[in-house]
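Those letters in the sequence shown? Residues 66 to 440, by the numbering used here.
Cβ coordinates follow ideal geometry from the N, Cα and C atoms, glycine included.
Scroll down for the structure; my scribbles are underneath it.
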Amino acid sequence: MEELHGRVVSLRGDVGTLPDRMAELTGHVEALDGQVSEMAEAPLIARALVHPRRVALVLNPIKAEADTVRERVAAAVREAGLPELEVYETTVEDPGQQMTRDAVAGGADVVIAAGGDGTVRFVAEELAGTETSLGVVPLGTGNLLARNLRFPLEDLDACINTALHGTARQIDSIDIKVETTDGTTVRNTFLVIAGAGVDAEVMGDTRDDLKVKAGWLAYGEAGMRHLPGSRKEISVSLDGGAPRRRKVRSVMVANCGELTAGMDFVPEARFDDGLLDVVMLSPRHVGDWIRIAAKTLTKSRHEIPVMETHQATRCRVVLHEPMAAQLDGDPIGEVRSIDARVRPDSLRILVPAADVPDSAAAPAMKPEAVPEEHA
66 MEELHGRVVS LRGDVGTLPD RMAELTGHVE ALDGQVSEMA EAPLIARALV
116 HPRRVALVLN PIKAEADTVR ERVAAAVREA GLPELEVYET TVEDPGQQMT
166 RDAVAGGADV VIAAGGDGTV RFVAEELAGT ETSLGVVPLG TGNLLARNLR
216 FPLEDLDACI NTALHGTARQ IDSIDIKVET TDGTTVRNTF LVIAGAGVDA
266 EVMGDTRDDL KVKAGWLAYG EAGMRHLPGS RKEISVSLDG GAPRRRKVRS
316 VMVANCGELT AGMDFVPEAR FDDGLLDVVM LSPRHVGDWI RIAAKTLTKS
366 RHEIPVMETH QATRCRVVLH EPMAAQLDGD PIGEVRSIDA RVRPDSLRIL
416 VPAADVPDSA AAPAMKPEAV PEEHA
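Structure representation (structure tokens):
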């Protein structure tokens with residue numbers, strides 16, 4: 066009995082020490098977790114110490130929020146422990162191209178374009194085909210690329226955070242060559258949509274004062290004024306095929322299809338499918354415009370005769386008489402011809418981590434990059 070009593074006393078003592086032992090064990094587990102986390106982060110820390118990420122900001126200084134953006138981006142860069150922000154301000158002489166080249170030559174890993182679609186386009190033109198990432202802080206009226214990539218347009222800080230820490234994604238860019246009325250050849254890059262005809266007329270005739278007061282609604286006012294008009298003859302060749310002759314009010318080449326007010330103008334267009342979408346509008350009267358508007362607003366994929374859409378990797382458009390043209394909403398004057406080709410996966414861009422459109426509906430196989438035959 067005495068032996069049994071001793072064992073009971075011993076067991077009671079062991080039970081009494083269990084909380085202390087559990088606490089000690091928990092401490093060991095937490096310490097191991099910390100060591101595992103440090104081991105996982107070590108390569109990232111080492112890489113950052115060897116090559117800290119450098120950020121450059123290409124800023125359109127005439128935008129209302131330009132000073133705020135400069136301050137907040139610089140603060141975000143400091144908070145991230147990155148090297149001092151390099152800031153470049155666009156000018157009439159250099160809307161972004163040369164300063165982007167300078168930023169890349171200076172070692173920038175990310176170049177943030179803060180401005181409208183034009184600023185974004187000029188920066189992207191220099192970054193396409195490089196390893197440098199494009200960040201976007203949308204400050205324009207249309208902000209078409211940012212809309213298509215689901216940027217939180219009403220949240221400036223969220224856009225800045227995306228421009229610095231977003232998810233890297235490869236998207237297509239479109240190389241375009243136009244012949245102007247004096248025979249000059251001009252080469253550019255665009256990311257959203259280019260066109261000739263009434264779309265360019267509207268972009269060129271939208272009142273700046275209305276854009277300040279009403280935002281994208283200003284385009285609607287100009288659009289109503291340009292609805293009446295005659296169709297013009299064009300010839301379109303897709304992937305080197307036979308020319309298709311059409312009479313149109315507008316011909317457009319799209320990389321992605323969402324416009325302002327949530328209008329999905331070209332539902333088939335995807336920014337990462339390796340294809341461009343050629344759209345020809347041939348309305349004769351107001352009723353035809355209503356059909357086009359209904360198709361766009363309902364996001365219908367059903368073909369209608371006055372809105373013809375084709376996909377290709379390259380196209381050539383010959384305008385039988387000069388027509389006004391635009392690139393991503395920026396008027397570029399009248400042109401006689403347009404040659405465009407897609408550059409698949411050519412641009413690395415930082416996008417929001419969630420809600421980015423998926424291209425699962427796009428073809429599974431990407432076309433090979435097309436040789437620059439039209440250059």
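| Asked | Found |
| --- | --- |
| What runs of the beta strand (DSSP E), each 3 residues or longer, lie entirely inside the region 185-244? | 198-203 |
| Please report how far the alpha carbon of ILE399 lies from the alpha carbon of ILE239, in whole angstroms. | Sequence inspection shows Glu at residue 399; the Ile mentioned does not correspond to that position. Their backbone Cα atoms lie some 20 Å apart in a straight line. |
| According to the Cβ coordinates, are ARG212 and THR254 closer than 8 Å? | no |
| Just to confirm, are LEU384 and ILE258 a CB contact at a threshold of 8 Å? | no |
| Taking PRO293 as the reference, which of GLY194, VAL267 and THR155 has the closest Cα? | VAL267 |
| Report the residue from ALA377, ALA358, GLY352 and GLY306 whose alpha carbon sits nearest the alpha carbon of GLU333. | ALA377 |
| Provide the residue span of the beta strand (DSSP E) that contains ARG119, from first to last. | Per DSSP, ARG119 belongs to no beta strand (DSSP E) and is neither H nor E. |
| Figure out for me which residue from PRO409, PHE330 and ASP393 has the closest Cα to the Cα of GLU373. | PHE330 |
| Are ALA179 and LEU204 closer than 8 Å when you measure CB to CB? | yes |
| On the DSSP letters alone, give me the boundaries of the beta strand (DSSP E) that ASP410 sits inside. | 395-416 |
| For the beta strand (DSSP E) that MET328 lies in, which residues bound it at each end? | Run containing MET328: none; DSSP gives neither H nor E here. |
| Closer than 8 Å by C-beta to THR41: which residues in its own chain qualify, once you throw out the five before and the five after it? Chain order, please. | No statement about residue 41 is possible, as the shown extent of the chain runs from 66 to 440 and does not include it. |
| Quick one: what's got a C-beta closer than 6 Å to VAL175's C-beta in the same chain, skipping five residues either side? | VAL120, SER198 and GLY200 |
| Terminal residues of the continuous alpha helix (DSSP H) containing ASP132? | 131-144 |
| Compare the C-alpha of VAL313 against each of GLY305, GLY322, VAL371 and LEU341 and name the closest. | VAL371 |
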